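**Q** One structure is given below, represented as structure tokens, and several questions about it will come after.
Protein chains: 6
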Amino acid sequence: MNIVVQNIERADEAVIQGLGECGVATVHEAQGRKGLMASYMRPIYPGARIAASAVTALAPPGDNWMLHVAIEQVKQGDAIVLAPTSPNEDGYFGDLLATSLKARGGRGAVVETGVRDVREITAMQCPVWSKAIFAQGTIKETLGSVNVPIVCAGVQVEPGDVIVADDDGVCVVRREEAPEALEKARMRMVAEEEKRKRLAAGDLSLDLYGMRKRLAERGLKYV
Amino acid sequence: MNIVVQNIERADEAVIQGLGECGVATVHEAQGRKGLMASYMRPIYPGARIAASAVTALAPPGDNWMLHVAIEQVKQGDAIVLAPTSPNEDGYFGDLLATSLKARGGRGAVVETGVRDVREITAMQCPVWSKAIFAQGTIKETLGSVNVPIVCAGVQVEPGDVIVADDDGVCVVRREEAPEALEKARMRMVAEEEKRKRLAAGDLSLDLYGMRKRLAERGLKYV
Amino acid sequence: MNIVVQNIERADEAVIQGLGECGVATVHEAQGRKGLMASYMRPIYPGARIAASAVTALAPPGDNWMLHVAIEQVKQGDAIVLAPTSPNEDGYFGDLLATSLKARGGRGAVVETGVRDVREITAMQCPVWSKAIFAQGTIKETLGSVNVPIVCAGVQVEPGDVIVADDDGVCVVRREEAPEALEKARMRMVAEEEKRKRLAAGDLSLDLYGMRKRLAERGLKYV
Amino acid sequence: MNIVVQNIERADEAVIQGLGECGVATVHEAQGRKGLMASYMRPIYPGARIAASAVTALAPPGDNWMLHVAIEQVKQGDAIVLAPTSPNEDGYFGDLLATSLKARGGRGAVVETGVRDVREITAMQCPVWSKAIFAQGTIKETLGSVNVPIVCAGVQVEPGDVIVADDDGVCVVRREEAPEALEKARMRMVAEEEKRKRLAAGDLSLDLYGMRKRLAERGLKYV
Amino acid sequence: MNIVVQNIERADEAVIQGLGECGVATVHEAQGRKGLMASYMRPIYPGARIAASAVTALAPPGDNWMLHVAIEQVKQGDAIVLAPTSPNEDGYFGDLLATSLKARGGRGAVVETGVRDVREITAMQCPVWSKAIFAQGTIKETLGSVNVPIVCAGVQVEPGDVIVADDDGVCVVRREEAPEALEKARMRMVAEEEKRKRLAAGDLSLDLYGMRKRLAERGLKYV
Amino acid sequence: MNIVVQNIERADEAVIQGLGECGVATVHEAQGRKGLMASYMRPIYPGARIAASAVTALAPPGDNWMLHVAIEQVKQGDAIVLAPTSPNEDGYFGDLLATSLKARGGRGAVVETGVRDVREITAMQCPVWSKAIFAQGTIKETLGSVNVPIVCAGVQVEPGDVIVADDDGVCVVRREEAPEALEKARMRMVAEEEKRKRLAAGDLSLDLYGMRKRLAERGLKYV
């Protein structure tokens with residue numbers, strides 16, 4: 282059955298923004314090392330960085346019709362997250378969809394497929410994380426669904442989940458766990474800042490983290 | 282039999298230039314979604330963009346002798362397109378070949394192998410699309426051929442075909458089909474420009490393309 | 282047995298610096314086309330370029346404890362070279378380790394795993410060559426070894442070997458062969474500079490290298 | 282938080298057996314083309330064929346401790362389904378675990394990692410579907426969870442879901458949808474048997490499915 | 282434009298049979314080491330061995346409609362050769378198509394996609410060479426073409442070309458070159474049989490092929 | 282410099298045979314989980330199982346000349362271990378080399394390249410572990426070396442090292458460590474046999490290995 286879920290709940294915008302400031306690695310750690318998409322999901326240009334609510338799409342191989350349907354569901358602050366029903370690297374997302382996405386207030390796209398028109402999309406600073414850059418055209422023949430749970434690049438994504446994406450990849454935060462994840466992420470950032478200063482001053486993590494005793498107990502020999 | 286075909290026909294320079302302005306994605310679409318090389322063919326630096334006549338080369342694994350032969354066949358406005366006789370990522374193309382290629386008026390290279398000296402080649406703005414960046418040295422021991430039909434990254438390429446390459450990858454246009462491809466590509470660009478404006482203004486592609494009726498007929502349910 | 286070798290010999294700093302100026306492709310050629318790591322070892326930002334003494338580390342999959350141990354062994358001018366005991370792309374190296382590495386005078390890292398915090402590491406210009414960019418967290422539970430011989434990305438690396446790394450990848454020079462490699466690399470650079478000028482002036486490598494006779498003997502036909 | 286869920290619901294054994302008789306391709310189709318694991322999940326020997334209730338396990342890279350925990354949760358008719366927290370091909374499952382699994386009445390294992398001792402496991406006819414065959418040893422240091430929802434080879438798996446696996450791969454059926462899936466699968470088998478006879482007799486699917494008109498309408502030309 | 286070419290020329294059946302007896306490796310060598318498909322094209326069961334005339338098909342990703350069209354074009358002694366318009370591993374070919382193919386006198390299939398129902402297809406001894414085994418269902422929505430030139434697994438295939446396939450993979454012989462290829466292949470087999478006897482008797486290829494002098498000239502040192 | 286080392290030391294035949302009886306997984310464990318080649322090294326037929334002394338060969342991409350040289354160095358009980366100087370899957374090893382290898386008393390081959398004539402080689406029961414099955418022909422133009430240290434599939438191999446290979450892959454044992462590895466492997470087999478009996482009788486490894494207390498201490502919760 283092919284459906285479009287129109288009303289989805291989203292996390293609080295302040296929480297989303299906060300998670301974006303923490304970044305992928307920190308958020309992934311803060312929520313217990315889960316939610317990280319596969320390493321083949323890469324940004325099309327360096328420096329891209331977003332946090333957004335997921336509008337999900339599930340689409341057949343080589344068919345991007347559902348992206349057009351998904352765009353209508355995008356609200357200010359959303360990102361489209363697309364998974365194909367079988368592995369496919371065709372160019373589902375291009376500059377026209379990017380133009381439309383931006384016009385709707387969308388923050389970017391995460392597609393476990395290919396993307397094209399990367400020059401133009403880069404110029405309009407519409408960040409996209411994808412499995413490939415590939416100009417191969419897609420068709421509009423077969424239905425999928427929008428705003429249903431999907432598995433994208435190895436991670437279960439529910440509509441309204443928070444997507445955090447930067448140069449390190451893409452991390453998904455359950456909508457209902459977002460406030461707690463943010464709290465933990467901020468604590469981690471504070472703790473890391475302290476460590477960073479000490480490490481920059483020449484302290485060793487072996488001492489900072491008190492690892493020497495445990496290393497010796499495990500049997501590490503210095504020769 | 283190992284041969285070098287010395288006189289090849291080329292497309293009209295204005296047509297070639299025109300195709301370059303349209304870019305890979307548009308040209309690929311305009312000619313019926315064919316001619317696109319595999320997604321692993323990537324430019325060594327962002328922003329590279331060429332259109333050129335193909336001087337083809339077929340070479341054994343780990344042996345770049347035929348590139349030296351091919352350079353002599355390069356005329357102003359050509360690009361070298363190299364396929365290995367079996368998969369190989371060695372560094373067939375480096376800064377000396379790039380220097381020579383530029384001196385001959387060549388516009389770039391498309392090699393289904395590795396490339397090296399990418400710092401230097403980037404500095405001289407000689408764009409290369411390759412399967413890998415790999416410094417592995419090659420030898421000059423075994424013959425191949427120059428300006429024969431080859432299959433490069435999944436696409437049949439004839440000498441004199443038009444190569445369009447940019448951040449989206451590499452597309453091949455049959456020499457004899459180039460004028461028609463250009464015409465269609467330009468029409469497509471005009472049509473897209475119009476759509477882009479309307480999408481930027483907030484129109485939805487669902488309306489722009491009149492998709493709603495067909496979606497409903499196919500059974501898409503909004504819930 | 283898990284050990285940390287504390288005193289390793291290093292090559293002469295002038296030799297190391299010299300090799301760095303020659304770059305990966307030249308050094309790889311100069312030493313007889315050996316020592317080159319697999320093409321999947323890529324820098325996290327373009328333009329990075331180092332030569333350094335290897336402090337090696339061997340670590341279990343998903344466990345970066347030994348990197349913390351290795352940092353203490355880093356002296357001015359060193360680079361960490363890490364191999365996992367089985368293939369793994371987790372984020373072993375991040376911005377805190379980079380901060381510590383820089384504080385110790387380290388020049389960079391070569392990890393046959395993943396790296397994370399690439400935005401921050403790029404900002405601090407701490408070059409890293411890795412198999413992947415992946416934020417996946419690692420643990421500190423199981424011992425490995427530091428400054429033992431390892432195989433990293435297909436190349437045997439001894440502690441104290443010279444690591445040359447740039448946009449073309451990573452090349453390893455045996456410590457005891459470094460002076461000879463440098464000498465040959467410099468000779469190669471001089472020879473190439475000469476060739477480069479002639480090629481830039483329009484000479485063909487077919488003539489420069491005297492290849493025409495041998496091509497004919499092998500049976501190449503011009504048609 | 283690391284947990285072991287001890288009481289899970291399972292589908293009716295008759296339904297499970299029925300799905301097993303239908304096989305992967307038929308069940309996948311019958312339930313709307315969903316639930317199919319990635320094509321890299323392959324059986325260790327040809328002809329293996331099971332249907333079973335999933336006991337799920339989530340484990341860190343290179344650490345098979347949770348498989349030992351999972352075995353205790355196995356009841357007659359179950360299969361273990363394992364996903365690593367990051368990609369890993371180590372030999373999590375070997376002949377001792379297979380011995381224990383068989384002793385508990387388990388039907389097989391589906392591991393998105395490596396398996397080893399395949400000669401012995403084949404001899405005992407304990408079917409395993411895995412991402413790789415790899416003897417690399419694993420440790421028992423870090424907790425994961427048992428009988429929690431996991432994503433294995435691209436598919437969300439809940440404990441108690443039905444696993445259908447044969448030479449074509451692995452398909453997951455939601456526990457609560459299993460009866461309906463079986464019903465549809467059986468209808469499909471009946472329909473296919475009829476088609477098979479007619480095709481074997483020389484009828485063409487073009488006629489059997491009445492495709493000729495639609496092909497013509499779409500514009501297919503016979504020349 | 283989507284077309285079905287109905288009348289294609291085929292090579293002489295005796296020539297086809299002869300090539301089949303020579304096998305992939307010998308035929309590939311005999312015709313100058315060309316025509317060999319990529320190594321990822323593997324038979325679904327060991328021992329399969331065919332030679333046949335190619336009925337080619339070009340089809341969109343995830344859409345096997347054109348296979349149904351192609352079956353009608355199959356005559357006694359043909360094999361279907363399928364390339365997708367972009368990379369795809371879905372299960373285009375299954376047991377119903379195999380049943381129909383056999384009923385038409387077809388000898389097998391070569392699909393640069395996935396295949397499913399491999400247990401059943403193996404049981405009916407209908408050999409298939411494919412890129413993957415994958416149960417993923419396909420649709421019948423979009424046209425492609427039948428009996429047009431395609432590039433399959435890196436090799437240009439014309440309708441009517443001779444397909445030789447066995448445990449070593451798949452090799453394509455141009456229809457018009459088939460008689461000469463067979464003649465050379467047979468000569469090669471005779472020559473190899475002679476060598477095989479001498480090697481089995483303990484002679485060394487170094488002597489049999491007179492390689493020692495050339496090795497010494499090239500500088501090989503025995504130490 | 283290209284050399285052939287003629288006199289290499291080998292491990293004691295009884296030790297080699299003993300290691301072969303233990304198999305890859307056990308030997309790999311017994312020697313501290315090292316020496317295991319990458320998982321892409323697969324046997325060409327199931328059930329193959331050897332232990333042998335390594336005659337090593339290093340050869341350029343697409344050039345198997347050194348295999349012919351290596352064969353002469355093979356003595357009763359040896360296996361050839363081949364690494365290419367850059368990644369290559371061509372068919373270096375075929376039935377003529379297999380015939381010669383068998384005539385010399387060789388036990389098999391381990392090639393980090395392709396192999397061809399697998400039907401014939403299987404028929405003569407000459408086991409080969411390879412990266413690929415690929416009929417692509419190789420040349421005999423460029424020197425490499427024989428019986429020098431190589432890195433094959435990620436593992437350093439010295440001439441005379443013991444190669445253990447079976448369905449689980451390939452493991453390398455340092456010649457000088459072979460007796461100790463055998464002793465440990467046998468102890469492990471005895472210990473495993475005991476465990477196997479208890480597990481077959483229904484005991485759980487949680488109890489057999491006394492894991493429950495440590496799991497609880499680490500915080501595993503049963504719910």
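Chains as they are written, first to last, in our numbering: chain A, 282 to 504; chain B, 282 to 504; chain C, 282 to 504; chain D, 282 to 504; chain E, 282 to 504; chain F, 282 to 504. Each residue gets a CB set at the ideal place from its N, CA and C atoms; glycine is no exception. No experiment lies behind these values; they were computed from the predicted model shown.
K412 (chain C): buried (16+ other C-beta within 10 angstroms of its C-beta) or exposed?
**A** Under the 10 Å beta carbon count, K412 (chain C) is surrounded by 16 or more other beta carbons and is classified as buried.
**Q** Using a C-beta to C-beta distance shorter than 9 Å, which residues of chain C count as neighbours of Q406 (chain F)?
**A** Within 9 Å Cβ-Cβ: nothing; Q406 (chain F) doesn't reach chain C, min ~31 Å.
**Q** Would DSSP call I431 (chain B) helix, strand or coil?
**A** strand
**Q** Would M318 (chain E) and V436 (chain E) qualify as a contact pair, given that the criterion is a beta-carbon distance under 8 Å?
**A** Yes.
**Q** Pick out whichever of C:V504, C:K502, C:V285 and C:A482 has its Cα sitting closest to the Cα of G386 (chain B).
**A** C:A482
**Q** Can V451 (chain C) and M347 (chain C) be called in contact, C-beta distance under 8 Å?
**A** Contact: no.
**Q** Report the three-state DSSP secondary structure of A351 (chain A) (helix, strand or coil).
**A** helix
**Q** Can you list, in chain order, the residues of its chain whose CB lies under 7 Å from that of A379 (chain C), leaving out five sequence neighbours each side?
**A** I402, M405 and C407
**Q** Decide yes or no for the touch test of the region 346-362 of chain F against the region 325-336 of chain F: beta carbon pairs closer than 8 Å, at least 3 of them.
**A** yes
**Q** Compute the Euclidean distance between the alpha carbons of R469 (chain F) and G343 (chain D), then round it to the nearest angstrom.
**A** 20 Å
**Q** Please confirm if Q354 (chain B) has its CB atom under 8 Å from at least one CB of chain F.
**A** no
**Q** What number of angstroms, rounded off, separates the C-alpha of P324 (chain F) from the C-alpha of V396 (chain C)?
**A** 34 Å
**Q** For the region 314-328 of chain F, list every residue whose C-beta sits within 9 Å of some C-beta in chain C, in sequence order.
**A** Those would be R314, K315, L317, A319 and S320, in chain order.
**Q** Going along chain F, which residues have a C-beta under 8 Å from G435 (chain C)?
**A** Taking a Cβ-Cβ cut-off of 8 Å, the neighbours of G435 (chain C) in chain F comprise V432 and G435, given in sequence order.
**Q** I need the DSSP call for K356 (chain A), collapsed to helix, strand or coil.
**A** coil
**Q** Evaluate E370 (chain E) with the Cβ neighbour count: other Cβ atoms within 10 Å of its Cβ, from every protein chain shown; 16 or more gives buried, anything less gives exposed.
**A** buried
**Q** For the beta strand (DSSP E) that D447 (chain A) lies in, which residues bound it at each end?
**A** V443 to D447
**Q** Skipping 5 residues on each side, what residues in its chain have a beta carbon closer than 7 Å to that of E310 (chain B)?
**A** R469, listed in sequence order.
**Q** Would you call Q354 (chain A) buried or exposed, if buried means 16 or more other Cβ atoms sit within 10 Å of its Cβ?
**A** buried
**Q** What first and last residue would you give for the alpha helix (DSSP H) that runs through G450 (chain E)?
**A** It is not in any alpha helix (DSSP H) - G450 (chain E) instead sits in the beta strand (DSSP E) that spans G450 to V454.
**Q** Do D449 (chain F) and A306 (chain F) have their CB atoms nearer than 8 Å?
**A** yes
**Q** Rounded to whole angstroms, what's the CA-CA distance from V429 (chain D) to N283 (chain D)? Just pull it up for me.
**A** 10 Å
**Q** Interface residues of chain A around T423 (chain D) at Cβ under 8 Å?
**A** Here the premise fails: no neighbours, minimum Cβ distance about 11 Å.
**Q** Mind listing which residues of the region 382-400 of chain D have their C-beta closer than 8 Å to chain F's C-betas, in chain order?
**A** K383, A384, R385, G395, R397, D398, V399 and R400
**Q** With distances taken from CA atoms, which of A:D484, A:A416, A:E302 and A:Y503 is nearest V308 (chain B)?
**A** Considering only alpha carbons, the answer is A:A416.
**Q** Would the C-beta of L496 (chain E) count as close to the ligand GTP, meaning under 7 Å from any of its heavy atoms?
**A** Of the ligands one can find in the structure shown there are none, so the ligand GTP has no counterpart to examine.
**Q** Decide if E393 (chain E) is buried, meaning its Cβ has at least 16 other Cβ atoms within 10 Å, or exposed.
**A** buried
**Q** Between the region 359-379 of chain E and chain I, which residues of the former have a C-beta closer than 7 Å to a C-beta of the latter?
**A** Structure shown: chain I not included; protein chains present are A, B, C, D, E and F.
**Q** Please identify the residue among F:P327, F:L363, F:Y326 and F:L485 whose C-alpha is closest to the C-alpha of A340 (chain F).
**A** F:L363
**Q** State the CB to CB distance for the pair L480 (chain B) and L377 (chain A), rounded to an integer number of angstroms; the pair is presumed to be in contact (CB under 8 Å).
**A** Indeed, because the Cβ distance is near 6 Å, the residues count as touching under 8 Å.
**Q** Can you list, in chain order, the residues of its chain whose CB lies under 6 Å from that of T337 (chain E), leaving out five sequence neighbours each side?
**A** Contacts found: V362, N428, I431, V438 and P440.
**Q** Would you say A335 (chain A) reaches chain C, if we count a Cβ-Cβ gap shorter than 8 Å as a contact?
**A** Cβ-Cβ to chain C under 8 Å: no for A335 (chain A).
**Q** Note the first and the last residue of the continuous beta strand (DSSP E) segment covering A338 (chain A).
**A** I331 to A340
**Q** Is it right to say G491 (chain C) is buried, meaning 16 or more other beta carbons lie within 10 angstroms of its own, or is it exposed?
**A** Here G491 (chain C) is exposed: its Cβ has fewer than 16 other Cβ atoms, across all protein chains shown, within 10 Å.
**Q** Per DSSP, which one or two residues make a beta bridge with K502 (chain E)?
**A** F:I284
**Q** From H349 (chain B) to Y373 (chain B), what does the alpha carbon distance come to, in whole angstroms?
**A** About 10 Å.
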